[in-house]
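Number of protein chains: 2
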Amino acid sequence: MEANRVYNFNPGPATLPLDVLKEAQAEFLNFANSGMSILEISHRAPEYDAVHQKAKADVKALMGLGDDYEVLFTQGGASQQFAMIPMNYATKEKPGAYVLSGSFAEKAYKEAEHLGVGTIAASSKEEDYKHVPTQSELKIPDYASYLHVCYNNTIYGTEYHYVPETKGVPLFADMSSDMLSRPIDFSKFDFIYAGVQKNLGPAGVVLVVAKKSLLEKSPEELPTMLKYSTFYKKDSLYNTPPAFCIYMVGKTAAWIRAQGGLEEMAKRNKKKADLLYGVIDASEGFYRGHAEKDSRSFMNVTFRLPSEELEKKFVAEAKEKGLSGVKGHRSVGGMRASIYNAMPYEGVVALTDFMEAFRKANK
Amino acid sequence: MEANRVYNFNPGPATLPLDVLKEAQAEFLNFANSGMSILEISHRAPEYDAVHQKAKADVKALMGLGDDYEVLFTQGGASQQFAMIPMNYATKEKPGAYVLSGSFAEKAYKEAEHLGVGTIAASSKEEDYKHVPTQSELKIPDYASYLHVCYNNTIYGTEYHYVPETKGVPLFADMSSDMLSRPIDFSKFDFIYAGVQKNLGPAGVVLVVAKKSLLEKSPEELPTMLKYSTFYKKDSLYNTPPAFCIYMVGKTAAWIRAQGGLEEMAKRNKKKADLLYGVIDASEGFYRGHAEKDSRSFMNVTFRLPSEELEKKFVAEAKEKGLSGVKGHRSVGGMRASIYNAMPYEGVVALTDFMEAFRKANK
């Protein structure tokens, strides 16, 4: 661990690659020899445009997507997309179909329902969201405008390990918490979006990667800033974009490419997750994972301890050891270790070493 | 001028106080001794909450507003507020009344009109937006939900020098380009908003300062993220806020307070504007201001040269001298020097020295 830095297991905003932070820090007062900070430069300046275009290109290259897809930068977090998606794509006759696999999946559905254009295709809510609904559980109406899934469920620590087969219904995915963490056949998706503050950058921008055919036209009655077509037609520059956030996403995407791309991220993320789940599974019931094994997330590892008292003690002692942000979400309780792309293997070693010692001291 | 830095006259994103940038740079890897960057820390962490609350308190203190007002941080730029305001506050029976004083005022009106809930209270469009409509020109229907003004018109270089009297109709103002630049009786306004990327921080957050009575309740049918009440009830933390941008706004507000508050900003801004307009007025017609004298902006100084050829030459030679971003908006042409709070007097001296030399060489 770098001096003064902790291992940051927060679910988002989350740890970022230290090299990326150092690079941004070094050029903070004079970006690209412009004599200005990236915070101060015009979004119409060629120096900024180079950042904007390279970020888009690197994201598309990492995802292996072609000319039929476009990358947009929008705002308002995934939460605003929860409303914009049904506003742009669903109608009463052709509702959006939603798979409920956790809190954010539910929130997305509720926005569509509120507009009267949502329907449920599957839900694991009754099972406390311990698993992601399987292909055979999905009931997708053939008249649906889209099937919406939340690909990784940050709070419950579950993740899809298959790409849903939709029989022609466009596939939409919220990938806020596992975007660019592993290779997926992204071409099977029609519309992907991600609040970037977990795997890709600071809070303040949403990455949208979607088929151009979906972005070209939005319902005329919508306000300008709620039409995806506005972002598409103006290259996300209709108004001033959150330039610094986009710049950081660009730097992170370039870092991922330099490290070896999504294959390398997947390898590292699996190694970290295997270590952590291994310690949980070998703990003789001291640590109990929330997610069912076949739905376990590579990004957010959720587990309980024998008592809430021990859980409090765990959080406090972990913090003293420079292991920050391990407290779980109140709706699940217990612990959650978020081990995104930027979490080094050494961080998970430090956490698991602590877990073993804590178990021995408290069993 | 600091080594490697230019004088940045861009209209937004724009120059920020160098001290603020240096402070952010110094703590970029380890914010508030948390062992994390401000980009990485949870928006639920106490260290972040302190930033959030102090930014709000400093903004309110600078504006001299009391407990009946609340500060919100929203997203999507002023452009998204152009739609959210009529969605939240206007109806067909009680439309929003708009004063057209420039491009952004027009855009705000168009969003209301698009929703069928906008009406025009006054316009100076026919006069090429060379002045801000005066009090006597305002025709405010007594059934209007609000009167909307754009307090400083970045593109045309005009600014209100009076607070409109509305006879009880709530007063709404887009202050994106002159927010916190001078003392105004803000208590006469009911709803003020500003994209912060001109006077207050990096692009990516909108500062809303409004009467609590307006924020408590939003129309039920609106999506969660388009209701101002969501931001109000959750202290702008319903979802992850654009934390870094808020942090920078907080630092800038603290800097303004440390410099002496809005009185001091006004003194400095007037001194800069007087110098610049003085050189224009004394140029024997070589430099021609766009704005009429009684509507001149303290923030954006717009002027033409005798020919477009000379204008191109001016931009190029200015840039060589480290005077960046002086090209005007295409809809007005010519030059625009934006001299926000963070532009030092020395920057305007350098610009006017250059203007005098350029005039002598090219008249």
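These protein sequence lines map, in sequence, to chains A and B.
Sequential numbering from 1 applies to the first sequence in this note's numbering.
Sequential numbering from 1001 applies to the second sequence in this note's numbering.
A virtual CB, placed ideally from N, CA and C, is assigned to each residue, including glycine.
Between tyrosine 1129(B) and threonine 1158(B), the CB-CB gap stays under 8 Å. Inclusion of lysine 1313(B) and phenylalanine 1354(B) in the CB contact set at 8 Å is not warranted, their separation being larger than that value. In the three-state reduction of the DSSP assignment, leucine 1207(B) falls in the strand class, which pools E and B.
In the same chain as threonine 134(A), and ignoring 5 residues on each side of it, no C-beta atom comes closer than 7 Å to its own.
Listed by position along chain A, the residues whose Cβ is nearer than 7 Å to that of glutamine 1080(B) are Met225. Going by beta carbons, alanine 78(A) and glycine 195(A) fall inside the 8 Å limit. Taking C-beta atoms as the reference points, proline 241(A) and histidine 43(A) count as a pair closer than 8 Å.
Histidine 1329(B) is outside the set of residues whose beta carbon lies under 8 Å from a beta carbon in chain A.
Residue contact with chain A for glycine 1012(B): present (Cβ-Cβ distance below 8 Å to some residue of chain A).
Looking at the DSSP output, alanine 1337(B) sits in a beta bridge with Val1301(B). From the beta-carbon of arginine 1005(B), the residues of chain A found nearer than 8 Å are Leu29, Asn30, Gly35, Met36.
Between the alpha carbons of isoleucine 41(A) and tyrosine 48(A) lies a gap of roughly 7 Å.
Taking the beta carbon of serine 324(A) as reference, the chain B residues within 8 Å of it are Ser1034, Gly1035, Met1036, listed in sequence order. Around the beta carbon of glycine 1285(B), fewer than 16 other beta carbons lie within 10 angstroms, which makes this residue exposed. The criterion of a C-beta distance shorter than 8 Å is satisfied by glycine 118(A) and tyrosine 109(A). Around the CB of serine 136(A), fewer than 16 other CB atoms lie within 10 Å, so the residue is classed as exposed. Under the three-state reduction of DSSP output, arginine 359(A) falls in the helix class. Per the DSSP secondary-structure output, alanine 194(A) pairs in a beta bridge with Leu207(A). At a cut-off of 8 Å between beta-carbon atoms, glutamine 197(A) makes contact with chain B.
Closer than 8 Å to the CB of alanine 1203(B) there is at least one CB belonging to chain A. At the C-beta level, alanine 83(A) and methionine 1084(B) stay beyond 8 Å of one another. A Cβ-Cβ distance of about 6 Å is found for the pair phenylalanine 1231(B) and threonine 1074(B), placing them in contact under the 8 Å criterion. Only buried fits glycine 1289(B), as 16 or more other CB atoms lie within 10 angstroms of its CB. Exclusion of the five residues before and after methionine 265(A) leaves Leu180, Ser181, Arg182, Ile256, Gln259, Asn341 as the residues of its chain whose Cβ lies within less than 8 Å of its Cβ. Each residue's CA atom was taken as its position, placing threonine 1015(B) and lysine 267(A) some 43 Å apart. Contacts with chain A at 8 Å (Cβ-Cβ) do not include asparagine 1152(B). Contact between tyrosine 345(A) and lysine 233(A) fails: their C-beta atoms lie close to 43 Å from each other, not under 8 Å. Checking the DSSP bridge columns, you'll see threonine 74(A) partnered with Val206(A).
Residue burial annotation: glycine 116(A) is exposed, with fewer than 16 other C-beta atoms found within 10 angstroms of its C-beta. Annotated three-state conformation of glycine 1157(B) is coil, per DSSP. Between alanine 210(A) and glutamate 70(A), the C-beta spacing is below 8 Å. Following the DSSP letters along the chain, one finds aspartate 1058(B) inside the alpha helix (DSSP H) bounded by residues 1046-1063. For the segment 225-250 of chain A, the beta-carbon criterion of a distance under 8 Å to any beta-carbon of chain B is satisfied by Met225, Leu226, Tyr238, Asn239, Thr240, Pro241, Pro242, Ala243, Phe244, Cys245, Met248.
Distance from the Cα of glycine 1278(B) is smallest, within the candidate group Leu1262(B), Glu1263(B), Phe1298(B), for Phe1298(B). Here the alpha carbon of tyrosine 1247(B) sits roughly 37 Å from the alpha carbon of aspartate 274(A). Contact annotation: isoleucine 1339(B) and valine 1348(B) have beta-carbon atoms nearer than 8 Å.
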